[in-house]
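**Q** To start, I am sharing the structure in question, which I have written as structure tokens.
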Amino acid sequence: MATKDIVLAALFAAIIILLGIVPAISLGFIPVPVTAQSLGVMLAGAVLGAKRGVMATLLVMLIAAIGMPILAGGRGGIGVFMAPTTGYLIGWAFAAAVTGYLAERLITPEQTGLTQIVYFFIASVIGGIVVLYALGITWVAFFTGIGLSKAFLGSLIFIPGDILKAGIAALAGRAVMVGYPLLPQRA
Amino acid sequence: MDIRFEDAEVRFAGRTVLLPVRLDLTERRIGIIGLNGSGKTTFARLINGLVRPSKGRILVDGLDVTAEPDAVRRQVGYIFQNPQNQIILPIVRDDIALGLKNSRLPKGEIEFRVQAMLERLSIGELGGRRAHELSGGELQLAALAAILVTEPRLLILDEPTNQLDLRNRNRVLQTITSLPQQLIVITHDLGLLDGFDRVLLFDQGRLVGDGVPADVIAQYEALAA
Amino acid sequence: MKTLYAEGDSILHRASARSKLVGLLLAGILTFLVTSIPLLIGLLVASALLLLSTRLGLKDLLRRLVPLAVTISILCGLTMLLQTVETGIISLLRLTLLLLVSTAVTATTAISDVMDEITAAATPLERLGLLRAADIGLAIGLVIRFVPEVAERYEVLRDAHTARGIRPKTLSLLVPLIILTLRDADEIAAAIDARGVRR
Ligand SMILES: Nc1ncnc2c1ncn2[C@@H]1O[C@H](COP(=O)(O)OP(=O)(O)OP(=O)(O)O)[C@@H](O)[C@H]1O
Ligand SMILES: [Mg+2]
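Residue numbers (the UniProt record's numbering), protein chains in the order written: chain Z, 1 to 187; chain L, 1 to 225; chain X, 1 to 199.
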């Protein structure tokens, strides 16, 4: 693994951690913390690509696991891996992987700005919403016994906020690509 | 150490930033001067393989830098133009110890050497501080400590007094003057070069001056005028 | 940065990090095998005693427990309403129990000890050639170093917006923040290579 990949992942992990401190985008009342942190996860995939994006999210999880209160709302410690919302946390790695993979496949430098933004949006929605929710909902359902369909209905409240985040991730992902392209190209 | 440039040339994205150089550096105190963007940093980075030559090669004590960068880097310490980027771990003491991690020394011995190094540079009180809080001068000394602790035989300093106040500048000057190692110093602070054995002058990627400090500095002043 | 480790010399503080982490994992698995409510209550009391044995202050305990406790209560309350009351109660007991035990482990295990366990756990992956265990510690050290720097840069960017009369918005802050931050990667990677930290 190249040293630069480690550094990029570490820098992005720091950005994700910071996004947990800045004021949250608050929507709905269900107690899954809604912060800009999951926006950071979509961006990790969109900006760094799959491999380094996954590394960035894994680093954030490791730092939480060793006992630093760096997740939104000051959560941290090994307990965050034994909670009903753990699926949404572990899901970050999969979200970044899928967002990054799709961004690498779909986006090329020759496309118009609008096309790129649309593709970044699609990648963020599939990775950061579809995949993340699939894991998060399954975990909640299993851990609480509430049942898949009801856990699914309950989490619908968060979808509008996350679509907004995917939009921000798409615009920011494309703007970063113009200013400092890092996304690995796949033929 | 014997640093030999064999027609080394550097191109970045098709633009030549360093024209072929052929020379042999063996002196104990070597200075590098030139205008901004003239290629000083690029030239110095060739010596430890951070920049690779597009043509030609560089030999350090007979080792080809491109082929064996690790072997060369074990002997060549490099202090970056912006030492901020060179601090790796958050706490000064941990960062200095990092360079010894591969040495297989016992933990106690590493701690001892780190403390001794801090004291040698009279920054004993900085050991427990967070690197990102340090002032420019403190940072420069902390970065120097992190490199010196690995006992390199050659030390390359890229503008070591840039950003320093007069007191810290003199402190750094005094520290580097007293070092037993071979030194290569890139600088715009021409007073640092007093007593140096040899000075190189770069202009637009070309080595245009090479000699004793007084002559080359005069040439630089004429060029900048 | 702050940590959730609280210094002390209780029995849990003195236990090895590995035994605590393995114990926690076993507790997690066992808890989900138990379905008897009285037994779960007994286990819950035991884990409360375990947490109290760490001698954390009341305020500190609340600060650590409340956020997740709220989440757990709401989710289990919903489960009681939407499924059966029994399912909801069992979940509530299980999840609270795990919250108490994991809080006790986190509060009594120093960061460096958990790090050592993670590195040890990664060694088999190293043998498979997937990663270098030492890189994990390096990467975590880098992140901890970068967080205050990125935070500072965020403040500076916000001030720069205000100074130019632009209202700071997530998007217009995020883009320069990411570019400015990632741009350092080349130099920092070069420094790591120059210092021979990864060999
Ligand atoms: N990684 C790079 N990619 C492209 N161009 C580069 C790169 N590094 C340096 N250059 C260019 O090479 C030229 C020489 O740069 P160098 O950093 O060696 O100059 P310098 O003499 O050290 O300048 P200064 O006194 O400002 O530090 C400059 O024009 C610079 O823009
Ligand atoms: Mg330079």
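A virtual CB, placed ideally from N, CA and C, is assigned to each residue, including glycine.
So is L:Ile123 in contact with chain X if we call contact Cβ pairs under 8 angstroms?
**A** Start at 1 with the first residue of the second sequence, and residue 123 of chain L comes out as number 123. Not an interface residue.
**Q** Using a Cβ-Cβ distance under 8 angstroms, would X:Val66 count as near chain Z?
**A** Residue numbering aside, residue 66 of chain X sits at position 66 when the third sequence is read from its first letter. No, X:Val66 lies away from the interface with chain Z (no Cβ there is under 8 angstroms from its Cβ).
**Q** Thinking L:Thr41 and L:Pro53 are a contact (beta carbons under 8 angstroms), I'd like their distance in whole angstroms, please.
**A** If you number the second sequence from 1, residue 41 of chain L lands on position 41. If you number the second sequence from 1, residue 53 of chain L lands on position 53. Between L:Pro53 and L:Thr41 the Cβ distance is about 15 angstroms, and since that is not below 8 angstroms, they are no contact.
**Q** Indicate whether at least one CB of chain X lies closer than 8 angstroms to the CB of Z:Gly79.
**A** Working through the first sequence from its first residue, we reach residue 79 of chain Z at position 79. Chain X, which has a Cβ nearer than 8 angstroms to the Cβ of Z:Gly79, makes this yes.
**Q** Just reading off the beta strand (DSSP E) that L:Glu9 is part of, what are its end residues?
**A** Here residue 9 of chain L corresponds to residue number 9 of the second sequence, with the count starting at 1. Taken as a continuous stretch (DSSP letters only), the beta strand (DSSP E) holding L:Glu9 covers 3 to 12.
**Q** Ligand 2 and L:Ile186: does the residue's C-beta get closer than 7 angstroms to at least one heavy atom of that ligand?
**A** On the second sequence, residue 186 of chain L is found 186 positions in, with the first residue counted as 1. For ligand 2, at least one heavy atom lies less than 7 angstroms from the Cβ of L:Ile186.
**Q** I want to check one thing, is the minimum distance from the CB of L:Asp158 to the heavy atoms of ligand 2 below 7 angstroms?
**A** Here residue 158 of chain L refers to the residue found at position 158 when the second sequence is read from its first residue. Result yes, Cβ under 7 angstroms from ligand 2.
**Q** Against chain X, which members of the stretch 84 to 108 of chain L pass a CB distance test of less than 8 angstroms?
**A** Listed by position along the chain: Asn85, Gln86, Ile87, Ile88, Leu89, Pro90, Asp94, Leu98, Gly99, Lys101, Asn102.
**Q** Do you know how far the Cα of L:Leu183 is from the Cα of L:Thr161?
**A** Your numbering for residue 161 of chain L matches position 161 in the second sequence. Your numbering for residue 183 of chain L matches position 183 in the second sequence. Answer to the nearest angstrom: the Cα atoms are 15 angstroms apart.
**Q** Output, in chain order, the set of chain Z residues within a Cβ distance shorter than 9 angstroms of X:Thr181.
**A** If you number the third sequence from 1, residue 181 of chain X lands on position 181. Correct list: Leu11, Phe12, Ala14, Ile15.
**Q** Report back the beta-carbon spacing between L:Leu35 and L:Ala224 to the nearest angstrom; my notes put them in contact at under 8 angstroms.
**A** One-based indexing of the second sequence puts residue 35 of chain L at position 35. One-based indexing of the second sequence puts residue 224 of chain L at position 224. That belief holds up - the Cβ atoms of L:Leu35 and L:Ala224 are roughly 7 angstroms apart, short of 8 angstroms.
**Q** How would the residue list near ligand 4 read, in chain order, if you kept each one whose beta-carbon is closer than 5 angstroms to any heavy atom?
**A** Among the ligands present in this structure, namely ligand 1 and ligand 2, ligand 4 is not found.
**Q** L:Val208 lies in the beta strand (DSSP E); which residues open and close that run?
**A** Taking the first residue of the second sequence as position 1, residue 208 of chain L is located at position 208. Note, L:Val208: beta strand (DSSP E), 206 to 211.
**Q** Would a check of beta-carbon distances place L:Asn162 closer than 8 angstroms to chain X?
**A** Walking along the second sequence from the start, residue 162 of chain L turns up at place 162. No, its Cβ sits nowhere closer than 8 angstroms to a Cβ of chain X.
**Q** 8 angstroms is my cut-off, CB to CB: does L:Tyr78 come that close to chain X?
**A** To locate residue 78 of chain L, count along the second sequence from 1; it is residue 78. Interface residue, yes.
**Q** Mark X:Arg199 as exposed unless 16 or more other C-beta atoms lie within 10 angstroms of its C-beta, in which case mark it buried.
**A** Counting from 1 along the third sequence, the entry for residue 199 of chain X is found at position 199. By the 10 Å Cβ count, X:Arg199 comes out exposed.
**Q** Could you confirm whether any beta carbon from chain X is found closer than 8 angstroms to the beta carbon of Z:Leu148?
**A** As a working mapping, residue 148 of chain Z is identified with position 148 in the first sequence. Answer no: the Cβ-Cβ gap between Z:Leu148 and chain X never drops below 8 angstroms.
**Q** Cβ-heavy atom distance between L:Gln81 and ligand 2 below 7 angstroms?
**A** Translated into the one-based positions of the second sequence, residue 81 of chain L becomes position 81. Yes.
**Q** Check Z:Gln116 in the structure and name its three-state DSSP category.
**A** Residue numbering aside, residue 116 of chain Z sits at position 116 when the first sequence is read from its first letter. Note: Z:Gln116 maps to helix in three-state DSSP.
**Q** Could you tell me how far apart the beta carbons of Z:Ile63 and Z:Gly20 are, in whole angstroms, since I believe they sit closer than 8 angstroms?
**A** For the purposes of this step, residue 63 of chain Z is identified with residue 63 of the first sequence, where counting begins at 1. For the purposes of this step, residue 20 of chain Z is identified with residue 20 of the first sequence, where counting begins at 1. 11 angstroms between Cβ atoms; not a contact.
**Q** Would a check of beta-carbon distances place X:Val101 closer than 8 angstroms to chain L?
**A** For the purposes of this step, residue 101 of chain X is taken as residue 101 along the third sequence, with counting starting at 1. It does not; no Cβ of chain L falls within 8 angstroms.
**Q** Report yes if the CB atom of Z:Ala96 is closer than 8 angstroms to the CB atom of Z:Thr138, and no otherwise.
**A** Mapped onto the first sequence, residue 96 of chain Z falls at position 96. Mapped onto the first sequence, residue 138 of chain Z falls at position 138. Against a cut-off of 8 angstroms, the Cβ pair of Z:Thr138 and Z:Ala96 comes out as no contact.
**Q** With a cut-off of 8 angstroms, does the C-beta of X:Leu51 fall near any C-beta of chain Z?
**A** Numbered from its first residue, the third sequence carries residue 51 of chain X at position 51. With 8 angstroms as the cut-off, X:Leu51 does not count as an interface residue toward chain Z.
**Q** So which residues on chain X does Z:Pro84 lean against when the C-beta distance must stay under 9 angstroms?
**A** Position 84 of the first sequence, counting from 1, holds the residue named residue 84 of chain Z. Those within 9 angstroms of Z:Pro84 in chain X are Leu68, Thr71, Ile72, Leu75, Cys76, Ser91, Leu95.
**Q** If the cut is a Cβ gap below 8 angstroms, which residues of chain X does L:Ala131 touch?
**A** Indexing the second sequence from 1 puts residue 131 of chain L at position 131. Result: Arg145.
**Q** Cutting at 6 angstroms between CB atoms, please list the residues of its own chain near L:Gly209, excluding the five before and the five after it.
**A** In the second sequence, counting from the first residue as 1, residue 209 of chain L sits at position 209. Hits under 6 angstroms: Leu201, Val216, Gln219.
**Q** Would L:Ile3 count as contacting chain X if we go by Cβ distances under 8 angstroms?
**A** Within the second sequence, the letter at position 3 stands for residue 3 of chain L. Output row for L:Ile3: interface = no.
**Q** Using CA atoms only, rank isn't needed, just tell me which of Z:Ile129, Z:Tyr133, Z:Ala2, Z:Ile66 is closest to Z:Phe152.
**A** Within the first sequence, the letter at position 152 stands for residue 152 of chain Z. Cα-wise, what sits closest to Z:Phe152 is Z:Tyr133.
**Q** Are Z:Gly136 and Z:Val98 closer than 8 angstroms when you measure CB to CB?
**A** As a first step, residue 136 of chain Z is located in the first sequence; it is residue number 136 there, counting from the start. As a first step, residue 98 of chain Z is located in the first sequence; it is residue number 98 there, counting from the start. Contact flag unset, no.
**Q** Below 8 angstroms between beta carbons is the criterion; list the residues of the stretch 185 to 196 of chain X that meet it against any residue of chain L, in chain order.
**A** From the stretch 185 to 196 of chain X, only Glu187, Ile188, Ala190, Ala191, Ile192, Asp193, Ala194, Arg195, Gly196 have a Cβ closer than 8 angstroms to chain L.
**Q** In or out: X:Lys20 buried (at least 16 other Cβ within 10 Å) or exposed?
**A** Here residue 20 of chain X is taken as the residue at index 20 of the third sequence, counted from 1. X:Lys20 comes out buried.
**Q** Ordered along the chain, which non-local residues of its own chain (more than five positions away) have a Cβ less than 8 angstroms from that of X:Thr96?
**A** Stepping through the third sequence from its first residue, residue 96 of chain X is reached at position 96. Contacts found: Leu44, Ala69, Ile72.
**Q** DSSP on Z:Leu27, reduced to helix/strand/coil?
**A** Residue 27 of chain Z sits at position 27 when you count from the first residue of the first sequence. Caution applies to Z:Leu27, whose pLDDT of 41 falls short of 50 and renders its modelled position unreliable; the model cannot decide the point.
**Q** Closest Cβ-Cβ distance between Z:Pro31 and chain X: below 8 angstroms?
**A** Taking the first sequence and counting its residues from 1, the one referred to as residue 31 of chain Z is at position 31. In this prediction, Z:Pro31 scores a pLDDT of 47, lower than 50, which makes its location untrustworthy; the coordinate-derived value is nonetheless stated afterwards. Yes, Z:Pro31 lies at the interface with chain X (some Cβ there is under 8 angstroms from its Cβ).
**Q** Measure the CB-CB distance between Z:Leu183 and Z:Gly67 and report whether it falls below 8 angstroms.
**A** The residue labelled residue 183 of chain Z in the question sits at position 183 within the first sequence. The residue labelled residue 67 of chain Z in the question sits at position 67 within the first sequence. Result no, Cβ atoms of Z:Leu183 and Z:Gly67 do not sit closer than 8 angstroms.
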